[in-house]
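Chemist: Residue numbers (this note's numbering): 22 to 129. In this text, a Cβ means the ideal position worked out from N, Cα and C, and glycines have one as well.
1) Whole angstroms are fine: how far does the CA of residue 81 sit from the CA of residue 104?
2) Taking contact to mean at least 3 C-beta pairs separated by less than 8 Å, is the region 55-67 in contact with the region 89-107?
3) From the DSSP output, in three-state form, read off residue 96 for me.
4) CA-CA distance, residue 55 and residue 33?
5) Could you check what DSSP says for residue 33 in three-state terms: helix, strand or coil?
6) Whole angstroms are fine: how far does the CA of residue 36 sit from the CA of residue 67?
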């Protein structure tokens, strides 16, 4: 049986290019999550202004199931973090969402 030097057999992989692609994806994911958070908080405000609750557990269950189906157990954990991010509370509502709702912008 012929032996191979592992270092010689590994095809060169452009790690720097791959890292740049990951960095770009991370920025896109952050932007998508910010947009999701803004939409979610607008929905929450609307629902509460109509006398409803801030969260709808049946809807959250659908989201958890979607992530679990697509990504497995880790997807469920990710979905829980995303739902937590989007529920409101600490961090406040972004300026973009406030502006879209016609709320005055502060300078803080």
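Modeler: In short:
1) 8 Å
2) yes
3) helix
4) 36 Å
5) coil
6) 46 Å
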